[in-house]
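A.B. asks: Residue numbers (our numbering), protein chains in the order written: chain L, -18 to 368; chain D, 18 to 162.
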Ligand code: SF4
Ligand code: FES
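(1) Taking only beta carbons into account, state which residues of the region 61 to 76 of chain D come closer than 8 Å to chain L, listed in chain order.
(2) So, does the CB of residue 162 (chain D) fall closer than 8 Å to a CB anywhere in chain L?
(3) Scan the region 217 to 228 of chain L for residues whose Cβ lies nearer than 8 Å to a Cβ of chain D and list them as they occur along the chain.
(4) Within 10 angstroms of its Cβ, does residue 392 (chain L) collect 16 or more other Cβ (buried), or is it exposed?
(5) Does the distance from the C-beta atom of residue 299 (chain L) to that of residue 79 (chain L) stay below 8 Å?
(6) What's the gap between the Cα of residue 171 (chain L) and the Cα of residue 30 (chain D)?
(7) Using DSSP with H/G/I as helix, E/B as strand and the rest coil, what is residue 68 (chain D)?
(8) I'd like to know whether the C-beta of residue 90 (chain L) is nearer than 8 Å to at least one C-beta of chain D.
(9) Thinking C-beta only, is residue 341 (chain L) closer than 8 Å to residue 295 (chain L)?
(10) Determine whether the Cβ of residue 104 (chain D) lies closer than 8 Å to any Cβ atom of chain L.
(11) Applying the criterion that 16 or more other CB atoms from any shown protein chain within 10 Å of the CB defines a buried residue, is residue 337 (chain L) buried or exposed?
(12) Roughly how many angstroms lie between the CA atoms of residue 313 (chain L) and residue 44 (chain D), to the nearest whole one?
(13) Taking the Cβ atom as the reference point for each residue, do residue 115 (chain L) and residue 138 (chain L) lie within a distance shorter than 8 Å?
(14) If you draw a straight line from the C-alpha of residue 256 (chain L) to the C-alpha of residue 48 (chain D), how long is it?
(15) Examine the ligand SF4 and report whether any of its heavy atoms sits within less than 7 Å of the Cβ of residue 313 (chain L).
(16) Should residue 32 (chain D) be listed as close to the ligand FES, given that the test is whether its C-beta is under 7 Å from any heavy atom?
(17) For chain L, find out if any of its Cβ atoms is closer than 8 Å to the Cβ of residue 137 (chain D); answer yes or no.
(18) Return the residues of the region 105 to 135 of chain D that lie within a Cβ-Cβ distance of less than 8 Å from chain L, sorted by chain order.
(19) In the DSSP output, what is residue 230 (chain L) paired with across the bridge?
(20) Flag residue 79 (chain D) as yes if its beta-carbon sits less than 8 Å from any beta-carbon of chain L, otherwise no.
(21) Do you know offhand how far residue 168 (chain L)'s Cα is from residue 113 (chain D)'s?
(22) Consult DSSP for residue 352 (chain L) and reduce its assignment to one of helix, strand or coil.
(23) Answer yes or no: do residue 34 (chain D) and residue 222 (chain L) have a C-beta to C-beta separation smaller than 8 Å?
(24) Exposed or buried, residue 63 (chain D), counting other C-beta atoms within 10 Å across all chains shown (16 or more means buried)?
(25) Along the chain, which unbroken stretches of the beta strand (DSSP E) at least 3 residues long are found entirely within the region 22 to 73 of chain L?
(26) Does the Cβ-Cβ distance between residue 181 (chain L) and residue 188 (chain L) come in under 8 Å?
(27) Answer with yes or no whether the minimum CB distance from residue 142 (chain D) to chain L is below 8 Å.
(28) Which first and last residues belong to the beta strand (DSSP E) in which residue 309 (chain L) is found?
(29) If you draw a straight line from the alpha carbon of residue 2 (chain L) to that of residue 107 (chain D), how long is it in whole angstroms?
(30) Among residues of its own chain, excluding the 5 on either side of residue 95 (chain D), which ones have a beta-carbon nearer than 7 Å to its beta-carbon?
(31) Between the alpha carbons of residue 156 (chain L) and residue 321 (chain L), how many angstroms are there, rounded?
(32) Using only the alpha-carbon positions, how far apart do residue 71 (chain D) and residue 9 (chain L) sit?
(33) Tell me whether residue 239 (chain L), by its Cβ, gets closer than 7 Å to a heavy atom of the ligand SF4.
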């Protein structure tokens, strides 16, 4: 991120941020700064949105860069396009902050390549829970529209994960649209990376606006959110702690693995928990059943979730897709965010924050970080460790 | 837990031992006729970094009372840096199991070199004692896991 330059361009539209972003897409393609756009478009049945890669002006006209729902994590769309390396055409992708952060994690896992992608983020008011939207698109559109017009993050009718999100604004994208607390109809277009600044120059957006007020607005919202997040997640932690708590938390789990398949971080082609090796021999199950007196099926529900927590909590961006996808209403995202907020600080890491930083398990320190050292010191033996 | 039960408790511990150091130390301890707790079932791995999360969690959720991961001392890994990665992974596992309230003390990482037969016997005996004091893993009496 480029911290030295914090002046921005300003765009205005009678339709607020949605209008400004939409105009921006059109201009960028028009002026040839990018070849195509990746953004949500409302499906013809008008009951959902889909990611569309488009370069036809008529299709771009129908784009809804700020959609009320998130049916598919944007990082997954980016992965489909770039998993084999950089593509031929230059794409402008408009995504929510958590989608960009998931994309950054996937980039570190070699599943996404940013070389020919210009990422555009915006102050995110939250997203409507998918089930609510599908049930009543009209009401959801209306309440989301009001949310956006208020120039503040939403409080009601948003996903629980959004209500406790602290990374709702500028992230490690290329260009950010800031409009929280800015006068109505107006948005700051902030260059985040060099590539972003170049693009703004190329399309002739002058950067003469000062954004200090917007910045302080964002940080005051973030403070409130941080407080709410800490409270919510520590309560969740208390609920699930211990074998009883954990088993109870996942008692309704039917083992469908939806939470995993919508998770942007779980990219493995074959998950261990779906694989043949993870299935125990019936003889072995009989043996355990005999020892324990009985045996519930499906087996290994808690192990599945504990396993996912160790595998992806370091990269979890708390996007809330798992909760949205759970057919039995388990607050999966809350539980995983609780874990993420413990494991990430242990490694002094914030998922999706910085695209130049390696994943915590892909590196080490000979003299470990203080919180890691605290855990491993008993392993080091009396002489102490290291070199 | 009642004392009588505790006395009869025969802990089952799984040890993931690195081929190049701890496994050799186990051998040395054995051929030197040291007294070693029989509670530990040995799984030989080529490096402590081979021990991934699923290996540990599967062992844990299928009822092991204790899990020992042992590799070469930092700086001495046969493959250069494997044990440093293993150390980070272990830290993560500990953090997750602890935050879930799953008796993370049943999980232990240690470094034992090929020449430390003595230390091998000490570590295994004292870990067995520790697990014996903790009692059987609560997972073993759950039919709903
Ligand atoms: S989506 Fe819900 S029911 Fe399906 S595996 Fe995940 S937690 Fe269980
Ligand atoms: S070879 Fe022993 S820990 Fe890597």
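Glycine included, C-beta positions come from ideal geometry on N, C-alpha and C.
C.D. replies: Let me spell this out:
(1) Correct list: 70, 71, 74, 75.
(2) For the purposes of this step, residue 162 (chain D) is identified with residue 145 of the second chain, where counting begins at 1. Answer yes: the Cβ-Cβ gap between residue 162 (chain D) and chain L drops below 8 Å somewhere.
(3) Residues 218, 221, 222, 223, 224, 226, 227, 228.
(4) With chain L represented from -18 up to 368, any question about residue 392 (chain L) goes unanswered, as that position is not in the structure.
(5) Here residue 299 (chain L) refers to the residue found at position 318 when the first chain is read from its first residue. Here residue 79 (chain L) refers to the residue found at position 98 when the first chain is read from its first residue. For residue 299 (chain L) and residue 79 (chain L), yes; Cβs fall inside 8 Å.
(6) Sequence index remark: in the first chain, residue 171 (chain L) carries index 190 (1-based). Sequence index remark: in the second chain, residue 30 (chain D) carries index 13 (1-based). When rounded, the distance between both Cα atoms is 57 Å.
(7) Taking the first residue of the second chain as position 1, residue 68 (chain D) is located at position 51. Note: residue 68 (chain D) maps to coil in three-state DSSP.
(8) Locating residue 90 (chain L) in the first chain gives position 109, counting from the first residue. For residue 90 (chain L), the answer is no, since every Cβ of chain D falls outside 8 Å of its Cβ.
(9) As a first step, residue 295 (chain L) is located in the first chain; it is residue number 314 there, counting from the start. As a first step, residue 341 (chain L) is located in the first chain; it is residue number 360 there, counting from the start. The answer is yes: Cβ separation under 8 Å.
(10) The residue labelled residue 104 (chain D) in the question sits at position 87 within the second chain. Chain L places a beta carbon closer than 8 Å to that of residue 104 (chain D), counting this residue as a contact.
(11) In the first chain, residue 337 (chain L) corresponds to position 356, counting from 1. Exposed: under 16 other Cβ atoms inside 10 Å.
(12) Indexing the first chain from 1 puts residue 313 (chain L) at position 332. Indexing the second chain from 1 puts residue 44 (chain D) at position 27. Going from the Cα of residue 313 (chain L) to the Cα of residue 44 (chain D) covers about 46 Å.
(13) Position 134 of the first chain, counted from the first residue, corresponds to residue 115 (chain L). Position 157 of the first chain, counted from the first residue, corresponds to residue 138 (chain L). No, the Cβ-Cβ distance between residue 115 (chain L) and residue 138 (chain L) is not below 8 Å.
(14) For the purposes of this step, residue 256 (chain L) is taken as residue 275 along the first chain, with counting starting at 1. For the purposes of this step, residue 48 (chain D) is taken as residue 31 along the second chain, with counting starting at 1. Roughly 40 Å between the two C-alpha positions.
(15) Indexing the first chain from 1 puts residue 313 (chain L) at position 332. It does: the Cβ of residue 313 (chain L) is within 7 Å (strictly closer) of some heavy atom of the ligand SF4.
(16) Against the second chain, residue 32 (chain D) aligns to sequence position 15. No, Cβ of residue 32 (chain D) sits at least 7 Å from all heavy atoms of the ligand FES.
(17) The sequence position of residue 137 (chain D) within the second chain is 120, counting from 1. For residue 137 (chain D), not one C-beta of chain L is nearer than 8 Å to its own C-beta.
(18) 105, 106, 107, 108, 109, 110, 111, 112, 113, 114, 116, 117, 118, 119, 125, 126, 127, 128
(19) Translated into positions along the first chain, residue 230 (chain L) becomes position 249. Bridge partners of residue 230 (chain L): none, in fact.
(20) Mapped onto the second chain, residue 79 (chain D) falls at position 62. Yes, residue 79 (chain D) counts as interfacial toward chain L.
(21) Locating residue 168 (chain L) in the first chain gives position 187, where the first residue counts as 1. Locating residue 113 (chain D) in the second chain gives position 96, where the first residue counts as 1. The alpha-carbon atoms of residue 168 (chain L) and residue 113 (chain D) are separated by roughly 42 Å.
(22) Taking the first residue of the first chain as 1, we reach residue 352 (chain L) at position 371. Residue state, collapsed to three classes: helix.
(23) Taking the second chain and counting its residues from 1, one reaches residue 34 (chain D) at position 17. Taking the first chain and counting its residues from 1, one reaches residue 222 (chain L) at position 241. It is not a contact, given that the beta carbons lie outside the stated cut-off.
(24) Indexing the second chain from 1 puts residue 63 (chain D) at position 46. When all chains shown are included, residue 63 (chain D) counts as exposed.
(25) With a minimum length of 3 residues, the continuous beta strand (DSSP E) runs that stay inside the region 22 to 73 of chain L are 30 to 35.
(26) In the first chain, the residue the question calls residue 181 (chain L) occupies position 200. In the first chain, the residue the question calls residue 188 (chain L) occupies position 207. Yes, these two residues count as a Cβ contact at 8 Å.
(27) For the purposes of this step, residue 142 (chain D) is taken as the residue at position 125 of the second chain. So no, residue 142 (chain D) is outside the interface.
(28) To locate residue 309 (chain L), count along the first chain from 1; it is residue 328. Careful: residue 309 (chain L) lies outside any beta strand (DSSP E) and carries neither H nor E.
(29) Taking the first residue of the first chain as 1, we reach residue 2 (chain L) at position 21. Taking the first residue of the second chain as 1, we reach residue 107 (chain D) at position 90. Cα to Cα, residue 2 (chain L) sits roughly 45 Å from residue 107 (chain D).
(30) Here residue 95 (chain D) refers to the residue found at position 78 when the second chain is read from its first residue. 37, 64, 89, listed in sequence order.
(31) Against the first chain, residue 156 (chain L) aligns to sequence position 175. Against the first chain, residue 321 (chain L) aligns to sequence position 340. If you take the alpha carbons of residue 156 (chain L) and residue 321 (chain L), they lie about 27 Å apart.
(32) Residue numbering aside, residue 71 (chain D) sits at position 54 when the second chain is read from its first letter. Residue numbering aside, residue 9 (chain L) sits at position 28 when the first chain is read from its first letter. If I take the Cα positions, the gap works out to 47 Å.
(33) The residue labelled residue 239 (chain L) in the question sits at position 258 within the first chain. Within the cutoff, so yes.
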